[in-house]
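Report on the following structure.
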Amino acid sequence: MTFKYNNVYVNNVATVVGPYENKGPLKDKFDKSYDDLYCNEKTWEKAEVKLMKDSIEILLKKSKRDVRDIELIIGGDLLNQICATSYAVSNYNIPHLGIYSACSTSTEGILIASNFIDGGKIKNAIVSVSSHNLSSEKQFRNPTEYGSPRPSTATFTTTGGASILLTSARSKIKVESATVGRICDMGINDANNMGAVMAIAAAKTIKEHLTDTKRDINYYDMIITGDLGCYGKEILKDYMKEEYNIELDNNYFDSGTMIFDLNNQKEVKAGGSGPACSPLVNYAYIFPLIEKRIINKVLIVATGALFSPTFVYQKNSILSISHAISLESVK
Amino acid sequence: MDRIKYKHIVDKYKSDENKIINLVISFLIGGLVGAISVGLTDLYSYILDIPSKDATTFMIVTLIIISCLFTALGFFDKWVTFAKCGLIIPITGFAHSMMSSSLEFKKEGFIYGIGSNMFKLAGSVIVYGVVSASLFGTIRYVFFGG
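Chains A and B are the protein sequences, given in the same order. The working numbering numbers the first residue of the first sequence as 45 and each following residue consecutively. The working numbering numbers the first residue of the second sequence as 4 and each following residue consecutively.
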C-alpha cells in the first residue's frame, strides 16, 4: 500500500546522541551529544527520556516555534509500553499518538503524520523516536555488567533521540510518498542475527514500493535501509537479485553500517540498530545532502524486528516489518 | 521464495566466529582459574593448618569475593567477554551472574529490584543443580548404599 503526498514537507530535524555514536564517523553532524550513557540522569530509562525530550526541545528551538504551535506529537521507542516516549511527551500539553514498530518506528511515524497533514486534518506534527543501548540490553538481553559474549552478526542498539517537524508549508525537502509494510516471518529466531530477520521485510517493502509507483530501482539516488548491519545488507542484496532480479548497487546504503565505524568500534559487531539508528543517520547526514540538492530522490526503508523474548522462548520465530518513505528535494 | 531458500541465503552470511581460538582461550583461562584455585587451597591448608576439604571452602569463598568485587568495579564483564566459558563455567561465572543482575536492578529497590532479580541468570543453575544432586544422591543411596 503506497500513499502519494502533495503538500507534506520537512521543516526541521533534531538529533541527540550518546558516547558511542559520538565516536562514529558522523560525530560532527549531531545537534547534541552526551559523553556518559546516564546523560546526567539516575537511570538508563530516564536517560532515554532525556534524549527524546532534548531532541524535541532542540527541534522547537531550531524551527523557532512555540510548543503551543505544534498540533500533534507522534512517538515511539523500544521500552515496554513505549514509556520513554510517554514520559518525554508528558512535559508538553500536546495531543499525542504513541506508536510501536520497533526499529521502523520513525518511518511509521512520518507516514502517519504525512497522512494527517496531506489529508488537511492538521498543519504540522512532530515525530520523535528514541533508543538507549543499556535500557534495551536490560529489557531484552542479559544484565549489562554480565558482558555476555555476542557473535559478529549481533547488532548494537544506538543511544539517541531524533525528532522531525513535518508541515504543510513548503520547504526544501518534500515527503513524496510512503509505503506501508507487511509483517514477514521467515522462521528465524536468532536474536543475535536481526539483520537476517529484517532483510526480508526490507526486500518486500522496496519491491512493493517500486511496483506501486511503477519506478525502477535507479530512479532513486539513494536507498537507505534501517539497521540491517553488514550481514543483513548482503542478505538483502542477494535476495533482491535472486527473487526480483533487482540489483542493489552503488545507490544502496544501510544506516546501521554508517552510524558507527565498524573497523575501529569493534563492540558494535555488525552495526547499529534501534529505532534511533535510521533517523539519526538520515536526519543528521542525508537530509542536509537533499537540502543542498547533492542528491534529489531518496528512499528510506527503516526495518524493525518485532522481537519479544517471551514469544521466542515459547518457540516462535521473530517477526519483522519495514515501512518506506520517499523524499524529494524541492527547487 | 520459501523459507528454505531464504535460509540458504542467510547461511551464506553466517558469523565468522573462530571456534578454535575461542575454545583455546576458554581452555587456557579456565585452566588458569583451576590452577589458581588449587594453589589457593594448598596455601590455605599450609598457612592455616587445616584439612584440604576445609581449605577448599575457603578457596571458593575467596573466588566468589574476588569475582563479585571485580564485577562491582566494572571490569569483570570485559574479562568475561574475552575469556567466555573460561570464566563463566567456574564459580567465578556464577558469582558474576548474581552480582551483575543485582547491579542491573539496583535502581528498582531492594525488594522489586535486587531481591527479585538477583537470580535471573543464576536461578536455573541452582534449580537444576539441586534437582540433579537429589536425583544422583537418591540413585547412589538406593543402589550403592550411600
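Even for Gly, the Cβ is constructed at its ideal location relative to N, Cα and C.
* To do: Measure the Cβ-Cβ separation of residue 208 of chain A and residue 173 of chain A and say whether it is below 7 Å.
  => no
* Bridge partners of residue 367 of chain A, per DSSP? -> Answer by DSSP bridge pairing, in chain order: A/346.
* Asked: Assuming residue 95 of chain B contacts residue 191 of chain A under a Cβ cut-off of 8 Å, what Cβ separation, rounded to an integer in Å, is found between them?
  -> Contact doesn't hold; Cβ gap of about 12 Å is too wide.
* To do: Scan the segment 94-127 of chain B and note each continuous alpha helix (DSSP H) run of 4 residues or more that stays entirely inside, going in chain order.
  => 94-107
* Could you tell me whether the Cβ atoms of residue 178 of chain A and residue 81 of chain A are closer together than 7 Å? => yes
* Nearest neighbour of residue 48 of chain A, chosen from A/133, A/338, A/89 and A/161 [CA to CA] -> The residue from A/133, A/338, A/89 and A/161 with its alpha-carbon nearest to that of residue 48 of chain A is A/161.
* From the beta carbon of residue 12 of chain B, is the nearest beta carbon of chain A less than 7 Å away? -> yes
* To do: Could you pull the start and end residues of the alpha helix (DSSP H) that residue 297 of chain A belongs to?
  => Careful: residue 297 of chain A lies outside any alpha helix (DSSP H), inside the beta strand (DSSP E) at 296-298.
* To do: Return helix, strand or coil for residue 207 of chain A, following the three-state DSSP convention.
  => strand
* residue 33 of chain B and residue 92 of chain B look like a contact to me (Cβ under 8 Å); what is the Cβ gap, rounded to whole Å? -> Contact holds; Cβ gap of about 6 Å.
* Asked: List, in order along the chain, the chain B residues whose C-beta lies closer than 8 Å to that of residue 240 of chain A?
  -> 13 and 16
* Asked: Between the Cα of residue 227 of chain A and the Cα atoms of A/355, A/350 and A/356, which residue gives the shortest distance?
  -> A/350
* Give the interface partners of residue 124 of chain B over in chain A, defined as CB-CB distance under 8 Å, in chain order. => 186, 187 and 190
* Taking only the alpha-carbon atoms, compute the straight-line gap between residue 142 of chain B and residue 148 of chain B and give it to the nearest angstrom. => So the alpha carbons of these two residues sit roughly 9 Å apart.
* Which bits of chain B does residue 278 of chain A rub up against, with CB to CB less than 7 Å? -> 16
* In terms of alpha-carbon separation, which member of A/61, A/353 and A/328 lies closest to residue 124 of chain A? -> A/353
* To do: Under 7 Å between beta-carbons, which chain A residues line up against residue 100 of chain B? List them in chain order, please.
  => Correct list: 190.
* To do: Starting from the N-terminal side, write out each stretch of the beta strand (DSSP E) that is 3 residues or longer and does not extend beyond the segment 158-206 of chain A.
  => 168-175
* Rank A/221, A/245, A/342 and A/347 by C-alpha distance to the C-alpha of residue 159 of chain A and give the top, closest one. => A/221
* Return the CA-CA distance between residue 52 of chain A and residue 22 of chain B, expressed in angstroms with no decimal places. => Each residue's Cα considered, the two are about 52 Å apart.
* Selection of the segment 48-82 of chain A by Cβ proximity to chain B, strictly under 9 Å -> none
* Asked: Beta carbon of residue 301 of chain A, beta carbon of residue 274 of chain A: below 7 Å?
  -> The answer is yes: Cβ separation under 7 Å.
* Residues near residue 89 of chain B in its chain [Cβ-Cβ closer than 6 Å; skip 5 each side] -> 29, 32 and 33
* **residue 146 of chain B classed as buried or exposed, judged by whether at least 16 other C-beta atoms fall within 10 angstroms** => exposed
* What is the DSSP secondary structure of residue 57 of chain A, counted as helix, strand or coil? -> Residue state, collapsed to three classes: strand.
* Asked: Roughly how far, in whole angstroms, is the beta-carbon of residue 116 of chain B from the beta-carbon of residue 123 of chain B, given that I think they are within contact range, below 8 Å?
  -> Rounded, the Cβ-Cβ distance is 11 Å, inconsistent with contact.
* Whole angstroms is fine: what's the gap from residue 100 of chain B's alpha carbon to residue 71 of chain B's? => 9 Å
* Beta-bridge partners of residue 46 of chain A, as assigned by DSSP -> DSSP lists A/223 as partners of residue 46 of chain A.
* **Rounded separation between residue 189 of chain A and residue 176 of chain A - CA only** => 16 Å
* To do: Would you please verify whether the beta carbon of residue 95 of chain B is less than 7 Å from any beta carbon of chain A?
  => no
* For residue 106 of chain B, count neighbouring C-beta atoms within 10 Å of its own C-beta (all shown protein chains included) and say buried if the count is 16 or more, exposed if not. => Buried is the label assigned to residue 106 of chain B, since at least 16 other Cβ atoms lie within 10 Å of its Cβ.
* To do: Put residue 315 of chain A into one of helix, strand or coil per three-state DSSP.
  => coil
* To do: Report the three-state DSSP secondary structure of residue 362 of chain A (helix, strand or coil).
  => Three-state result, residue 362 of chain A: coil.
* How would you call residue 194 of chain A, buried or exposed, if buried means at least 16 neighbouring beta carbons within 10 angstroms? -> buried
* Cross-chain neighbours of residue 110 of chain B in chain D, by beta carbon under 8 Å -> The structure shown has no chain D; the protein chains it does contain are A and B.
* **Neighbour-count burial assignment, residue 125 of chain B, 16 or more Cβ in a 10 Å radius** => buried
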